[in-house]
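According to my numbering, the stretch in the sequence shown is residues 48 to 570, in order. Note that CB positions come from ideal geometry on N, CA and C, so glycine has one too. Computed from a prediction, not measured in an experiment: that's the story for all the values here. All remarks here apply to the structure that follows.
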Amino acid sequence: MLNRRHFLATATLAGLSAPAILRAEAGFFRDFPFSLGVAAGDPASDGFVIWTRLAPDPMERHGGMPLVNVPVEWEVAEDGGFRTIAAKGTELARPELGHSVHVEVTGLKPDRPYYYRFTAGGERSLRGRARTLPAVGARTDALKFGVCGCQHYESGFYGAYRHLAREDLAFVYHYGDFIYEYQQDYLFPDGLPVRPVRKYALRGLQDLTDFRTSYTQTLLDIDMQAARSAHAFISSFDDHEIRNDWVSVYDDWKMGLDENDPDAPPPDIFMLRRQAAFQAWYEHMPVRKALLPKGGFIAANRELRYGDLLSMQILDTRQYRDNQPCGDGFKPACPDVFAKNAEVLGKAQDDWLAKNLAKGGATWNGIAQQVTMMSLDRQRDDRDPEKILNLDSWAGYEAPRERMLSRLAGLKNAVVITGDEHQNFCGDLILKDKVVGAEFVGTSITSGGDGSDLRKGTDVFLKRNPELKFANDLRGYMVCEVGREAWQTHFMTVDKVTTPVNTLSKRATGVVENGVAGIKMSA
């Protein structure tokens with residue numbers, strides 16, 4: 048809500064023309080405009096993106112803002128007291144982008160922390176903190192970063208994010224499912240119905256206003272804000288930012304939905320929903336302007352290089368993927384699983400990946416992506432000999448999976464980071480009986496509810512998949528410690544998410560030694 052005098056002045060300025068630029072003087076906002084916090088992302092050796100969004104009445108249409116451009120001042124400092132200013136400027140918060148602000152800060156020193164904040168209408172935001180990366184190719188001996196995602200708002204509280212905020216990290220990779228596109232009346236964490244811990248404001252998301260509302264509600268969570276203000280995020284997306292299990296070739300009938308379902312949209316109508324969802328994602332993520340949606344697509348794949356220690360490729364496994372075979376789901380393999388022309392990344396992204404991996408120049412080759420690359424038998428009943436696959440993972444696309452593993456076989460120290468599964472596990476990537484890499488799959492922040500140490504049938508799951516080294520069903524996040532001699536991934540778990548405050552513990556650690564194939568587990 049805005050001061051009436053300024054609002055009337057705004058209306059006069061705006062008229063029927065393009066949005067005017069309104070000077071936000073002291074007293075302009077009736078309530079705190081930085082209600083959704085601040086964030087930084089996509090770090091480089093000379094800077095990063097800083098983000099905020101003006102929303103003095105966040106759950107109202109347009110966040111309680113008039114439809115005019117509003118200047119927002121920003122500062123980046125070398126110290127938390129902002130005594131030594133390294134960069135500053137003014138950026139317009141535009142109504143077309145929900146009054147979000149994306150500033151690409153450059154000219155900073157490599158490999159050090161900085162602090163940032165925003166000011167508008169005499170109001171000042173939270174202070175955020177982010178680190179720059181070491182210069183590309185510079186001798187670098189250590190890196191510590193976080194991995195998280197899958198945060199269904201109704202399944203639990205975001206206490207894990209407060210623990211993540213306290214970690215000493217260079218950055219955080221978020222693999223997606225920042226929001227979920229539906230409201231649930233019941234959850235079934237142990238097979239019996241329970242009420243959701245908290246409720247989404249809307250039952251389902253269709254247009255831009257709906258998607259904005261969902262991101263707004265999520266970002267009002269103070270633990271979420273704590274994590275985003277403490278670390279630079281590398282943001283990706285998976286399926287629930289739009290619709291469960293969507294892929295580029297969207298065909299509801301092949302996704303196992305009832306062909307007579309009046310709510311199932313045809314592909315051209317679904318594209319409108321996808322455009323709205325992607326715009327809302329961009330408006331709320333600390334990403335570069337290169338990721339601004341164009342024609343319903345986002346150029347989400349990008350590369351991060353951390354000195355000479357790590358090259359990390361951030362992949363997009365949704366936008367260019369062929370439809371899931373066999374009607375999707377957890378099923379035995381069918382002939383479509385082995386289709387030679389099937390795509391997961393699409394040709395352009397696959398060529399881009401091959402070019403980047405061929406550069407070399409780093410001790411470790413990391414691949415950050417959304418869906419499990421191991422082809423695992425999901426059968427948890429040892430009496431049934433049939434192998435069950437997750438067809439929404441790489442296991443549903445055996446030909447491109449083998450092409451990917453063949454590429455990893457030519458690399459040194461390949462490590463894949465994955466989400467989506469709502470459980471922790473890790474294992475070796477195997478091609479024709481040869482270990483060609485390691486994969487660490489992170490659990491959810493909340494999705495799935497409290498969980499338990501082991502899912503029912505975990506003993507069978509591990510027995511039927513000898514490449515697996517560990518499995519666990521608690522919520523939390525991963526912390527990766529990367530050195531010249533070894534890569535360690537710590538599985539950090541919380542005891543529960545159905546209460547706002549929880550207890551953090553290190554459940555297990557998987558280790559990959561430099562030049563040695565296979566994961567070893569340590570306590």
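Spell out the partners DSSP gives Gln535 in its beta bridges. Glu528 and Val558
So, with DSSP's three-state summary, where would you put Phe95? strand
Could you check the C-alpha separation between Glu143 and Tyr163 for me, to the nearest Å? 24 Å
Under the three-state reduction of DSSP, which class applies to Pro90: helix, strand or coil? strand
Take Gly193 and list the residues in its own chain whose beta-carbon comes closer than 8 Å to its own, dropping the five residues that flank it on each side. Leu211, Glu214, Leu216, Phe218, Val219, Tyr220, His278, Tyr524, Met525, Val526 and Cys527
Only counting the same chain, and skipping five residues up and downstream in sequence, which positions put a Cβ closer than 7 Å to that of Asp158? Thr179, Leu180 and Pro181
Between the Cα of Glu560 and those of Ser569, Thr546 and Asp224, spot the shortest distance and give me the residue it belongs to. Ser569
C-alpha gap between Asn291 and Gly466, whole angstroms: 15 Å
Per DSSP, what kind of secondary structure is Ala518 in: helix, strand or coil? strand
Using 8 Å as the threshold, is the C-beta distance between Gly343 and Met359 below it? no
Let me know the secondary structure DSSP gives Gln371 once reduced to three states. coil
Report yes if the C-beta distance between Ala71 and Val123 is below 8 Å; otherwise report no. no
Cα separation between Ala555 and Gly489? 12 Å
Could you give the first and the last residue of the continuous beta strand (DSSP E) run that contains His149? Ser147 to Val152
Tell me whether Pro142 sits in a helix, a strand or coil according to DSSP, three-state version. helix
I think Gln272 touches Gly84, with their Cβ atoms under 8 Å apart; what is that distance to the nearest whole Å? 3 Å
Output needed for Glu330: all residues of its chain with C-beta closer than 6 Å, excluding positions within five of it in sequence on either side, in chain order. Leu144, Gly145 and Ser147
Reference Val507; option with closest CA among Lys191, Leu423, Val115 and Leu155: Leu423
Residue range of the alpha helix (DSSP H) that Gly474 falls in? Per DSSP, Gly474 belongs to no alpha helix (DSSP H); it is in the beta strand (DSSP E), Asn471 to Leu478.
Where does the unbroken beta strand (DSSP E) through Met359 begin, and where does it stop? Leu357 to Ile361
Could you tell me if Lys516 is buried or exposed, where buried requires 16 or more neighbouring beta carbons within 10 angstroms of its beta carbon? buried
Proximity winner among Lys378, Val548 and Ser82, relative to Thr493 (alpha-carbon distances): Val548
First through last residue of the alpha helix (DSSP H) which encompasses Trp441: First-last for Trp441: undefined, no H or E at that position.
Local conformation of Asn549 per DSSP, three classes: coil
Rounded straight-line distance, which links the Cα of Phe377 to that of Phe385: 16 Å
Please return the same chain residues whose Cβ sits closer than 7 Å to the Cβ of Gln253, not counting the five positions on each side in sequence. Arg320
Collapsed DSSP secondary structure at Glu306 in the structure displayed: In this prediction, Glu306 has a pLDDT of 45, which is less than 50 and means its spatial position is unreliable; nothing more can be read from the coordinates.
From the DSSP output, which residues share a beta bridge with Leu101? For Leu101, which the question treats as bridged, DSSP gives no partner whatsoever.
Smallest Cα separation from Met421: which of Leu339, Asp475, Thr153 and Pro105? Asp475
Close beta carbons around Pro90, own chain, < 7 Å, minus the five adjacent residues each side: Ala177, Arg178, Thr179, Leu180, Phe218 and Ala279
Could you tell me the alpha carbon to alpha carbon distance between Leu455 and Gly413, rounded to whole angstroms? 10 Å
Pro340 Cβ short of 7 Å to the ligand SAH heavy atom set: This structure lacks the ligand SAH, and indeed carries no ligand of any kind.
Taking just the CA atoms, how far does Gly175 sit from Ala442? 40 Å
Host alpha helix (DSSP H) of His210 (start-end): Gly206 to Arg213
Determine the direct distance from the alpha carbon of Trp98 to that of Arg425, and round the result to whole angstroms. 40 Å
Please state whether DSSP places Ser499 in a helix, a strand or coil. strand
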